[in-house]
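Each residue of the sequence shown is one higher than the one before, starting from 1386 at the first, in this note's numbering. No residue lacks a Cβ here, since even glycine has one placed at the ideal position from N, Cα and C. In this text the structure is predicted, and so the values were computed from the model without any measurement.
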Amino acid sequence: MSQSNDARFMALALALGRRGLGRTWPNPAVGAVVVKDGVIVGRGWTQPGGRPHAEIEALRRAGAAARGATLYVTLEPCSHHGKSPPCADAVIAAGLSRVVSALEDPNPEVAGEGHARLRAAGIAVNVGIGADQARRGHAGHILRFTKGRPHVLLKLAISADGKAGAAGRKPVAITGEAVRARVQLLRAQNDAIMVGIGTALADDPMLTCRLPGMAEDSPVRVIADSMLRLPLHSQLVRSAREVPVWALTGTSAPQDAEFKLLASGVEVLRSPESTDSLDLQDALEVLAGKGITRLMVEGGPTLAAAFLAADLIDEAILFHSVKVVGPDGIDALDGSAMTVLRQRLQHTKGERIGPDRQETFERK
1386 MSQSNDARFM ALALALGRRG LGRTWPNPAV GAVVVKDGVI VGRGWTQPGG RPHAEIEALR
1446 RAGAAARGAT LYVTLEPCSH HGKSPPCADA VIAAGLSRVV SALEDPNPEV AGEGHARLRA
1506 AGIAVNVGIG ADQARRGHAG HILRFTKGRP HVLLKLAISA DGKAGAAGRK PVAITGEAVR
1566 ARVQLLRAQN DAIMVGIGTA LADDPMLTCR LPGMAEDSPV RVIADSMLRL PLHSQLVRSA
1626 REVPVWALTG TSAPQDAEFK LLASGVEVLR SPESTDSLDL QDALEVLAGK GITRLMVEGG
1686 PTLAAAFLAA DLIDEAILFH SVKVVGPDGI DALDGSAMTV LRQRLQHTKG ERIGPDRQET
1746 FERK
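Given below as structure tokens:
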């Protein structure tokens, strides 16, 4: 098959894989397409909770038509026994003649062994088509195994005068409805969302996905709360048994506060390297250990500045509003922090969303 057709079918596999973003952790959101004689005979993507895997779904839909066909998959088929048998074995059993894989899996339990097993069975294997896009889609999975932490997306809403909130930390609607809907979608595409305790106290947010029909896609809600000040009467705590809430804290946090939160359904995660304030690198490693691959940092300015200072932001989405908050408002980021963001990350996209504007930055 021509390289252009390979690229076209891989693009479809990548699009299918994105359907699983935020729903498949701790497994990657993989997409797969089975093609025979130029005709798509099976499609699949990793299912909620991480299984069945994309390849299994695509082969199930293809059935007997998979024999002699080509499989396009956004990540190397697994070769180890986890909670399900290896996908490489299923590909071999299905009688496929060729596999086009975008990336080798950085998971040390795979790390090329899946491709090797396919080749040993006489299946032609091509690796690298769509690799750049696949690295972006699987960034969280890759970072979890290469750096021991999730991919971090910083989201900021910034008024026309550079503010993120009103005076006295009072909440204020900075952006319009179209941006708020975009933010809800971003929440659904991430495994977890994090805010600082200051935002939790000031806004009493829910941090769920409020798009119609997508409540079940709400991320784990993580509060950076080094001394466990999260109130038991907050919306977060009162809804913790419906949508998970994790309080990330340090070793100095009072034990009685932990017991009360645990009794209310909040999971308390103590960062061993953190005391009165959070060591963000260690905190991210704790989250990765829980299976989180994609973390969205949504607020507030203090937490955003801390992530920037620690050089832990992989992607940033800034929503610029036409609204003016006033000189007494809270700065979204001070001038030096915004300069650091633009130095470390490169601008990759800009677009209008209603009256507002979105800027996207990615690590260089």
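For residue i, the three-state DSSP class (helix, strand or coil)
| i | result |
| --- | --- |
| Val1707 | coil |
| Leu1528 | helix |
| Asn1412 | coil |
| Thr1431 | coil |
| Ala1450 | helix |
| Arg1403 | helix |
| Val1630 | strand |
| Ile1477 | helix |
| Arg1567 | helix |
| Ala1542 | strand |
| Lys1645 | helix |
| Gln1731 | strand |
| Leu1592 | coil |
| Val1622 | helix |
| Ile1441 | helix |
| Asp1716 | strand |
| Val1424 | strand |
| Arg1572 | helix |
| Ala1558 | coil |
| Arg1393 | helix |
| Ala1722 | helix |
Residues of its chain near residue i, where Cβ-Cβ distance is below 6 Å and the 5 sequence neighbours each way are ignored
| i | result |
| --- | --- |
| Gly1435 | Thr1409 and Asn1412 |
| Ile1702 | Lys1540 and Thr1745 |
| Val1492 | In the sequence on display, residue 1492 carries Asn and not Val. Phe1530, listed in sequence order. |
| Ala1722 | Ala1690 and Leu1693 |
| Ala1519 | Thr1459, Ala1487 and Leu1488 |
| Leu1654 | Trp1631, Leu1633 and Val1671 |
| Thr1455 | Val1420 and Arg1483 |
| His1536 | Ala1524, Gly1525, Leu1528, Arg1679 and Asp1699 |
| Val1725 | Leu1693 |
| Gly1684 | Val1580 and Thr1584 |
| Ala1638 | Met1612 and Leu1613 |
Cutoff 8 Å: residue i Cβ touching any chain D Cβ
| i | result |
| --- | --- |
| Pro1616 | Within the model displayed, chain D is absent; a lone protein chain is all it includes. |
Residues bridged to residue i (per DSSP)
| i | result |
| --- | --- |
| Ala1581 | Note that residue 1581 is Gly in the sequence shown here, rather than Ala. DSSP, once it has assigned bridges, lists Ala1609 as partnering Gly1581. |
| Arg1742 | His1705 and Arg1737 |
| Gly1650 | Bridge partners of Gly1650: none, in fact. |
| Leu1456 | Val1419 and Val1484 |
| Glu1747 | Glu1700 and Gln1731 |
| His1536 | Arg1679 |
CB contact flag (residue i, residue j, <8 Å)
| i | j | result |
| --- | --- | --- |
| Leu1538 | Ala1573 | no |
| Glu1670 | Gly1533 | yes |
| Leu1633 | Asp1610 | yes |
| Ser1486 | Val1458 | yes |
| Gly1480 | Arg1446 | no |
| Ala1833 | Ala1549 | The structure shown does not extend to residue 1833, since the chain is modelled only from 1386 through 1749, so no value can be given for it. |
| Ile1578 | Leu1615 | no |
| Trp1430 | Gly1448 | no |
| Ala1414 | Gly1427 | no |
| Glu1658 | Leu1613 | no |
| Gly1405 | Asp1602 | no |
| Ile1477 | Ile1441 | no |
| Cys1594 | Ala1600 | yes |
| Ile1698 | Arg1567 | no |
| Val1580 | Ile1608 | yes |
| Ser1619 | Gly1635 | no |
| His1705 | Arg1742 | yes |
| Gly1515 | Ala1439 | no |
| Asp1588 | Pro1556 | yes |
Contact set for residue i: own chain, Cβ-Cβ below 8 Å, skip 5 residues either direction
| i | result |
| --- | --- |
| Ala1552 | Gly1711, Asp1713, Gly1714 and Ile1715 |
| Pro1629 | Val1605, Arg1606 and Glu1652 |
| Leu1571 | Leu1538, Lys1540, Met1681 and Ile1702 |
Beta-carbon proximity list for residue i, same chain, < 7 Å, skipping 5 on both sides
| i | result |
| --- | --- |
| Val1495 | Glu1461, Cys1463, Ser1464 and His1465 |
| Gly1650 | Ala1625 and Arg1626 |
| Leu1617 | Lys1645 and Ser1649 |
| Ala1473 | Pro1462, Cys1463, Ser1464, Gly1499, Arg1502 and Leu1503 |
Query raised in the report: For the stretch 1671-1708, which segments carrying the beta strand (DSSP E) assignment without a break, of at least 3 residues, lie completely within its bounds, in sequence order?
Result: Within the stretch 1671-1708, the complete beta strand (DSSP E) segments at least 3 residues long are 1679-1684 and 1700-1705, listed from N- to C-terminus.
**Report entry** Whole runs of the beta strand (DSSP E) within the stretch 1481-1525, excluding any shorter than 3 residues
**Finding:** Qualifying beta strand (DSSP E) stretches, in chain order: 1483-1486 and 1509-1512.
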